[in-house]
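Visitor:
Numbering (UniProt numbering), first residue to last: 1 to 117.
#1: Tell me the residue span of the beta strand (DSSP E) that contains residue 110.
#2: Report the residue from 19, 11, 75 whose alpha carbon sits nearest the alpha carbon of residue 95.
#3: Going by C-alpha to C-alpha distance, which of 45, 59, 52 sits closest to residue 72?
#4: Cutting at 8 angstroms between CB atoms, please list the residues of its own chain near residue 28, excluding the five before and the five after it.
#5: Whose CA, out of 107, 65, 32, 21, lies closest to the CA of residue 52?
#6: Starting from residue 2 and walking both ways along the beta strand (DSSP E), at which residues does that stretch end?
#7: Check whether the Cβ atoms of residue 38 and residue 63 sit closer than 7 angstroms, and answer yes or no.
#8: When we look at the beta-carbon of residue 111 and count the other beta-carbons within 10 Å, is it buried (16 or more) or exposed?
#9: Can you say whether residue 1 is buried or exposed, counting buried as having 16 or more other CB atoms within 10 angstroms of its CB?
#10: If residue 109 sits next to residue 100, beta carbons under 8 angstroms apart, how far is it from one beta carbon to the other, in whole angstroms?
#11: Using DSSP's beta-bridge definition, name the partner residues of residue 30.
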(Lines of atoms letter the chains of each structure in order from A and count residues from 1; the text may use other names and numbers.)
(Lines give C-alpha, C1' and ligand atoms only; values in the text may rest on other atoms or scores of the structure.)
Protein backbone atom coordinates (compact mmCIF):
# COMPACT_ATOMS: atom_id res chain seq x y z
CA UNK A 1 0.00 0.00 0.00
CA UNK A 2 1.32 3.44 -0.91
CA UNK A 3 2.13 5.78 1.95
CA UNK A 4 1.02 9.37 2.54
CA UNK A 5 2.19 12.15 4.86
CA UNK A 6 -0.65 14.60 5.60
CA UNK A 7 0.37 18.19 6.36
CA UNK A 8 -2.23 20.71 7.56
CA UNK A 9 -2.43 22.98 10.59
CA UNK A 10 -6.13 22.14 11.10
CA UNK A 11 -6.69 18.81 12.88
CA UNK A 12 -10.14 18.39 11.29
CA UNK A 13 -8.65 18.75 7.78
CA UNK A 14 -6.04 16.09 8.58
CA UNK A 15 -8.83 13.83 9.85
CA UNK A 16 -10.93 14.54 6.76
CA UNK A 17 -8.02 13.62 4.45
CA UNK A 18 -7.19 10.54 6.53
CA UNK A 19 -10.79 9.33 6.17
CA UNK A 20 -10.71 9.89 2.40
CA UNK A 21 -7.42 8.03 1.99
CA UNK A 22 -7.69 5.20 4.55
CA UNK A 23 -9.01 2.53 2.16
CA UNK A 24 -6.35 3.06 -0.51
CA UNK A 25 -3.32 4.56 1.23
CA UNK A 26 -1.40 4.09 4.44
CA UNK A 27 -1.16 7.38 6.35
CA UNK A 28 2.36 7.19 7.80
CA UNK A 29 2.45 10.60 9.44
CA UNK A 30 0.73 13.89 10.14
CA UNK A 31 2.30 17.31 10.57
CA UNK A 32 0.71 20.60 11.58
CA UNK A 33 3.36 22.89 10.09
CA UNK A 34 6.02 22.88 7.41
CA UNK A 35 8.93 22.37 9.81
CA UNK A 36 7.33 19.18 11.18
CA UNK A 37 6.57 18.08 7.62
CA UNK A 38 10.21 18.34 6.53
CA UNK A 39 11.42 16.43 9.61
CA UNK A 40 8.74 13.73 9.22
CA UNK A 41 9.40 13.41 5.49
CA UNK A 42 12.99 12.42 6.20
CA UNK A 43 11.85 9.98 8.90
CA UNK A 44 8.96 8.15 7.19
CA UNK A 45 9.86 8.68 3.49
CA UNK A 46 6.27 8.66 2.20
CA UNK A 47 5.30 8.01 -1.42
CA UNK A 48 3.13 11.16 -1.46
CA UNK A 49 2.75 14.31 0.67
CA UNK A 50 -0.45 16.37 0.90
CA UNK A 51 0.58 19.92 1.79
CA UNK A 52 -1.40 22.88 3.08
CA UNK A 53 -0.02 26.34 2.26
CA UNK A 54 -1.00 28.61 5.14
CA UNK A 55 0.55 27.23 8.35
CA UNK A 56 2.48 28.57 11.34
CA UNK A 57 6.28 28.27 11.82
CA UNK A 58 6.99 27.29 8.18
CA UNK A 59 4.40 27.62 5.42
CA UNK A 60 3.70 25.06 2.72
CA UNK A 61 5.70 26.80 0.00
CA UNK A 62 8.83 26.81 2.18
CA UNK A 63 8.21 23.17 3.11
CA UNK A 64 7.81 22.15 -0.55
CA UNK A 65 11.15 23.79 -1.34
CA UNK A 66 12.87 22.12 1.64
CA UNK A 67 11.48 18.67 0.80
CA UNK A 68 12.42 19.06 -2.88
CA UNK A 69 15.97 20.00 -1.78
CA UNK A 70 16.14 16.73 0.22
CA UNK A 71 14.41 14.60 -2.43
CA UNK A 72 13.91 16.06 -5.91
CA UNK A 73 11.63 13.14 -6.79
CA UNK A 74 9.20 13.87 -3.91
CA UNK A 75 5.53 13.76 -4.92
CA UNK A 76 3.72 16.65 -3.25
CA UNK A 77 0.07 17.58 -3.77
CA UNK A 78 -1.01 20.94 -2.40
CA UNK A 79 -4.39 20.92 -0.59
CA UNK A 80 -5.27 24.49 0.22
CA UNK A 81 -8.11 26.98 0.37
CA UNK A 82 -5.81 29.49 -1.25
CA UNK A 83 -6.79 28.95 -4.85
CA UNK A 84 -5.21 32.14 -6.15
CA UNK A 85 -3.39 31.56 -9.38
CA UNK A 86 -0.12 33.11 -8.13
CA UNK A 87 0.12 30.68 -5.19
CA UNK A 88 -0.75 27.68 -7.40
CA UNK A 89 1.93 28.66 -9.92
CA UNK A 90 4.50 29.17 -7.13
CA UNK A 91 3.72 25.75 -5.62
CA UNK A 92 4.04 24.02 -9.03
CA UNK A 93 7.29 25.89 -9.79
CA UNK A 94 8.69 24.70 -6.44
CA UNK A 95 7.89 21.10 -7.35
CA UNK A 96 4.29 20.36 -6.33
CA UNK A 97 2.67 17.89 -8.74
CA UNK A 98 -0.95 19.00 -8.33
CA UNK A 99 -3.16 21.48 -6.48
CA UNK A 100 -6.49 20.63 -4.83
CA UNK A 101 -8.63 23.52 -3.61
CA UNK A 102 -10.46 23.17 -0.27
CA UNK A 103 -13.12 22.16 0.46
CA UNK A 104 -12.19 19.11 -1.57
CA UNK A 105 -14.22 16.17 -2.78
CA UNK A 106 -13.10 12.58 -2.25
CA UNK A 107 -13.07 11.83 -6.00
CA UNK A 108 -10.78 14.78 -6.73
CA UNK A 109 -8.34 13.81 -3.96
CA UNK A 110 -8.19 10.16 -5.07
CA UNK A 111 -7.77 11.09 -8.74
CA UNK A 112 -4.92 13.46 -7.92
CA UNK A 113 -2.99 11.01 -5.74
CA UNK A 114 -3.57 7.94 -7.92
CA UNK A 115 -2.18 9.63 -11.03
CA UNK A 116 1.13 10.13 -9.19
CA UNK A 117 1.65 6.41 -8.59
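All residues carry an ideal CB built from backbone N, CA and C; glycine is no exception.
Guide: Let me spell this out:
#1: In the chain shown, residue 110 corresponds to position 110, counting from 1. No beta strand (DSSP E) holds residue 110; the alpha helix (DSSP H) holding it covers 106-114.
#2: Here residue 95 corresponds to residue number 95 of the chain shown, with the count starting at 1. Of the listed residues, the one whose Cα sits closest to residue 95 is 75.
#3: To locate residue 72, count along the chain shown from 1; it is residue 72. Closest by alpha carbon: 45.
#4: One-based indexing of the chain shown puts residue 28 at position 28. Taken in chain order, the residues that qualify are 3, 4, 5, 44, 46.
#5: For the purposes of this step, residue 52 is taken as the residue at position 52 of the chain shown. Minimum Cα distance to residue 52 is reached at 32.
#6: Here residue 2 refers to the residue found at position 2 of the chain shown. Per DSSP, the continuous beta strand (DSSP E) segment holding residue 2 begins and ends at 2-7.
#7: Residue 38 sits at position 38 when you count from the first residue of the chain shown. Residue 63 sits at position 63 when you count from the first residue of the chain shown. Pairing residue 38 with residue 63 gives a Cβ-Cβ distance under 7 angstroms.
#8: By 1-based counting over the chain shown, the position of residue 111 is 111. Counting Cβ neighbours within 10 Å, residue 111 comes out exposed, since fewer than 16 surround it.
#9: Along the chain shown, read from residue 1 onward, the residue named residue 1 stands at position 1. So residue 1 ends up on the exposed side.
#10: For this step, residue 109 is matched to residue 109 along the chain shown. For this step, residue 100 is matched to residue 100 along the chain shown. Indeed they touch by this definition, with Cβ atoms about 6 angstroms apart.
#11: Taking the chain shown and counting its residues from 1, one reaches residue 30 at position 30. In the DSSP output, where bridge partners are listed per residue, residue 30 has 6.
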